[in-house]
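Shown next, in structure tokens, is the structure this report addresses.
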Amino acid sequence: MTGTEERIAAALSGLLGGDPVDRNVPFPALGLTSLLGTRLRVRLEREFDRPVPAAALTEHYTVTALARHLDGTDRTEPRPPARIGAPAAVDRRVAVIGMAARFPGAPDIDAFWRNLRAGVCSVGEPLSDVDSFDAAFFGVSPREAERTDPAHRLLLETCYHALEDGGCPDPDDGTRIGVFAGSGMNLYGPQPPYFLRADATGDPLDAVAELIGGQGDFLATRVAYHLGLTGPAVTVQSACSTSLVAVHLAVQALLTGDADLALAGAAAVRRTPAPDGPPDPEYILSPSGVVRAFDAADDGTVGGDGVAAVLLKPLERALADGDTVHAVILGSAVTNDGRAKAGFTAPSVRGHAAAVRHALERAGAEPHTIGYLEAHGTGTAVGDPIEFRALTEALTAGPGPTGRTGLGSVKPSVGHLDTCAGMAGLIKTVLMLRHGELVPTVNTTVPDPRLAWSDSPFFPLTGQAPWPAGPGPRRAGVSSLGFGGTNAHVVLEQPPAPAVAGASGREVLVPLAAPDQASLRRRAEQLRDWLRGHDDVPVGDVARRLHTGPPRSAARLAVSGRTSREVADALDAALAAPQRDEPQHGEDPVAFGPVAFGPVAFGPVAFGPVAFGPVAFAFRGQGAGAVDFAALRDEPVFRSVVEPFGEVLDRPQAAQVVFQVALARLWESAGVRPGSVVGHSLGELAALCTAGALPLAEAVRFALVREELTRSTGTGRMLAISAPVDVALDAAAATGADLAAHNAPTSHTLSGPEALMDRAESWLDRHRVPHRRLPMTTAYHSHLMEPVLDRLAEHARDLDWHPLRMPWACAADGECLPAGTVPEADCLVRQVRYPVLFDPALRTLRAAGTRDFVEIAPTPVLRDFGRRVLPDSAWYLWGPSGLAALYRRGAPLDWAALNGPGPRAPLPGHPFARRRFPW
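Position one of the sequence shown corresponds to residue 2 (the working numbering), numbered consecutively onward.
So, in structure tokens, the structure goes:
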């Protein structure tokens, strides 16, 4: 035994009662506790007249190892590890696109950030309503909710809010979202843990249900099941580092292609009672009940409850999809201490430093670029010095001045949240990066003099300050350490500058969805109140955040406005409107009201038993007047269809066809795709184009010929009459006029030359039949068309005909041609000469199950006919009102196309209707 070994052994033996000491047995195995370790350090510092760091006894944990360290002959100093997982040529950066949390004193992320900035200490505050849960929202029965661990229930709600924040609360079937999550120890006061409870019936099936409701094995899979997620669902358990290890595993799942997006989270809901009796100086808990990380007055840590989740996505895809990026994960790493430490629960300089170095290497980040480091920072006399040394060792390598990196910990703010501790630190750091602000470490007033601040890259954060500007982007690290030795570290970077969507001044449609009417009302009230306090938020950002509603959304609402204030006012109007599940007799349930939410503010997607079905596009004829291209010139889809035909837009019939096809394409781009089409007179050309039977260029060519030939037939007149069909036929027979259109049971049109139409008007006057002249000088659908029919037929046969992609209700004969049929060219000739049978055509579509009709026009014309033919039909026009009505009916609108790319507003999460399920 060397002289140094003998001196150390003697000091140790004196503390242990004088028994001989084996120089190769670890100190904890000899009986050295934390308190005795402190006393040993004091004795050794006197014996050797030099400082002995607290970390020395844990890193060099035998007499021999400590002697070599003090003599400077230690050969076990950690060496930089071999580079692992070096960054590849592909982009390995991962975006944080969604966050949600409930921490002590902070029910949501916004409150958490306010508390952090203000230096609020919420240690010891319980989470509110932890025994409450919105079971109905997730389709969970009350019995199942009672059997489910509160931590599991809260994590489910929090994961849903994180998905909401990331813009995908109801993911598409093809999107694989993974879940990596862990829960804390089951410490529920006087009751045994959930998974140990026995059902009073003794039924083994009940016992299994109790087990499934509480075991951590089912934490991640429960989230995946109830949220419909199909990526990996893995429960993670590594004690205090659980949530940051979950982040690391989620990142790896994204980089290996196992998932398209990934949730990482944790729930620590223990409700542990305060210990009785005087505090134990050998334990890690603070006697004062205050956490002081890296402070001279530190005396231990304080536990707490918390639940949090983040949603991750490869940065490249997030930017391409227009997601809101809160921060970027550049790299992460996980290590374990192994046996090279004082004991199983002891921390390790070597293992922690290795995790930090690995994460920096994977991130491709030099240590001097890290402007802030969120430490594990428990406020314990042993843990903080060891961590400080590990972090110093990891970040000292490379260029850069000392005192360049802020060092902090979230635990003095909210307590040690067990498995959720790393997630609290991660979210805190993400918020600091996003806002460009350093927040204080609560209760750190006098930096711990035992820590070598002057020889480290760190400075303590004792106040709020802007993040210092530097030559590169803001970067930070987050560490989390677990009992048993699993260390995790994540390297973060500030988000890329968001794309700013300029204020267009356009009216924006804002959707809301919920499982039922009560939930929808709560959501509308919540959004209205939030907008009142954030009226500077662009309304487009609000709409983009709400594009996707919750699963099982049986109730919908949409309002519109040009500003957030206007949307808030519209929500107020909707909330004040009478609540009715059914439209009143004679009331149009959906279509052309002055407000976007229609006359019924809150109701189910379908009125009564009628569900939303296939939509028919209805194209009007030329008798309704000229079309206004200017009103839609700012719509890119519409403009792209119109621009190639600019030279013919002064020709009325060709312009009508181009306008209607362009407007139909605009509807389709918004997600409203027709299941069938019907046209009125000239509108049949646009209907055939939309159904795929004719290219638009061909239809325009025919429309030009049709216009030229029909105008050559001489002057005529058309009359609209309000009378049954037998009266219309009597008028035609008595005057020689032709029946030109059978639009509805009491809506018809007569057509013919001027002289015959004079006689028809006299006849109608004598018989007191209401009528009016149409603004047309050509007698379409009359015998005047017969001289040009052969030439029309030649041009019709010369067109490039294709099979129909959808059914077409032909108004020339009132029959419906199925998809796959190639229409006969003669159909375009018959519909010029013979009556428009719009009434029979609509009835054929209704017989096939069509109830919803989109009128492809700027103003309603066909709707009036349609509602007389089919009283239960619903009709829609392009614009916020029509789109909102379709959305309420259940139409799957393409919100990304409607509102375009851009940021998403940070709205509050869905307001759950929680009820108590006592522990």
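Cβ atoms here follow ideal geometry from the backbone N, Cα and C, with glycine treated the same way.
Check: Per DSSP, the bridge partner or partners of TRP809; Outcome: VAL678 and LEU818
Check: 4 or more residues per run - each alpha helix (DSSP H) lying fully within the region 32-70; Outcome: 35-49 and 55-60
Check: Residue range of the unbroken alpha helix (DSSP H) whose run includes ASN900; Outcome: 896-900
Check: Neighbour-count burial assignment, VAL415, 16 or more Cβ in a 10 Å radius; Outcome: buried
Check: Cutoff 6 angstroms; reference ASP324; Cβ partners in own chain excluding five residues on either side; Outcome: ILE98
Check: Minimum C-alpha distance to CYS241 - residue among ALA268, GLY258 and ARG634; Outcome: ALA268
Check: Continuous alpha helix (DSSP H) stretch holding GLU669: start and end; Outcome: 653-670
Check: Short Cβ contact (9 angstroms threshold) for ILE722 with VAL678; Outcome: no
Check: C-alpha distance - ALA12 paired with LEU41, whole-angstrom precision; Outcome: 7 angstroms
Check: Three-state class that DSSP yields for TRP764 in the structure shown; Outcome: helix
Check: Coil, strand or helix - PHE703 by DSSP; Outcome: helix
Check: Between the CA atoms of ALA221 and GLY232 - distance to the nearest angstrom; Outcome: 11 angstroms
Check: Integer Cβ distance of GLU856 from TYR888, believed to fall under 8 angstroms; Outcome: Not a contact, Cβ separation roughly 17 angstroms.
Check: Whole-angstrom distance between ALA797 and VAL643, CA atom to CA atom; Outcome: 23 angstroms
Check: C-alpha distance - VAL131 paired with ASP150, whole-angstrom precision; Outcome: 10 angstroms
Check: ASP739 - containing beta strand (DSSP E), residue span; Outcome: 739-745
Check: For GLU375, the three-state DSSP class (helix, strand or coil); Outcome: strand
Check: Distance, GLN661 Cα to PRO615 Cα; Outcome: 20 angstroms
Check: Span separating the alpha-carbon of ASP111 from that of VAL124; Outcome: 18 angstroms
Check: Selection from ALA422, ALA574, ARG340 and PHE866 that minimises the alpha carbon distance to HIS377; Outcome: ALA422
Check: Endpoints, the beta strand (DSSP E) within which VAL22 is located; Outcome: Neither: VAL22 is in no beta strand (DSSP E) and is coded neither H nor E.
Check: Touching by the beta-carbon criterion (3+ pairs, under 8 angstroms), the region 329-338 and the region 242-261; Outcome: yes
Check: Proximity winner among LEU689, THR430, THR302 and GLU787, relative to GLY407 (alpha-carbon distances); Outcome: THR430
Check: Backbone secondary structure at HIS535 - three-state DSSP; Outcome: coil
Check: Bridge-paired residues (DSSP) for GLY99; Outcome: LEU312
Check: Residues of its chain near ASP766, where Cβ-Cβ distance is below 7 angstroms and the 5 sequence neighbours each way are ignored; Outcome: none
Check: Same chain, Cβ closer than 7 angstroms to ALA812, five either side skipped, listed in chain order; Outcome: VAL679, GLY680, HIS681, GLU685, GLN832, VAL837, LEU838, PHE839 and ALA842
Check: Close-in-space but distant-in-sequence residues of the same chain around GLN238 (CB under 7 angstroms, 5 per side omitted); Outcome: GLY183 and GLY217
Check: DSSP state of ALA240 mapped onto helix, strand, coil; Outcome: coil
Check: Distance between PRO872 and GLU588 (C-alpha atoms, nearest Å); Outcome: Annotation note: pLDDT 39 at GLU588 (below 50); position unreliable, no value reported.
Check: ALA182, enclosing beta strand (DSSP E) - first and last residue; Outcome: 178-184
Check: LEU697 versus ASP895, ASP801 and HIS772, residue with shortest Cα-Cα distance; Outcome: ASP801
Check: Reduced DSSP category for VAL383 - H, G, I as helix; E, B as strand; rest coil; Outcome: coil
Check: ALA914 beta carbon less than 9 angstroms from that of SER520; Outcome: yes
Check: Beta-carbon contacts of THR236 that lie in its chain and below 7 angstroms, excluding the five residues immediately before and after; Outcome: ALA182, GLY183, GLY217, ASP218, LEU220 and ALA221
Check: First through last residue of the alpha helix (DSSP H) which encompasses PHE295; Outcome: Element bounds for PHE295: n/a, residue is neither H nor E.
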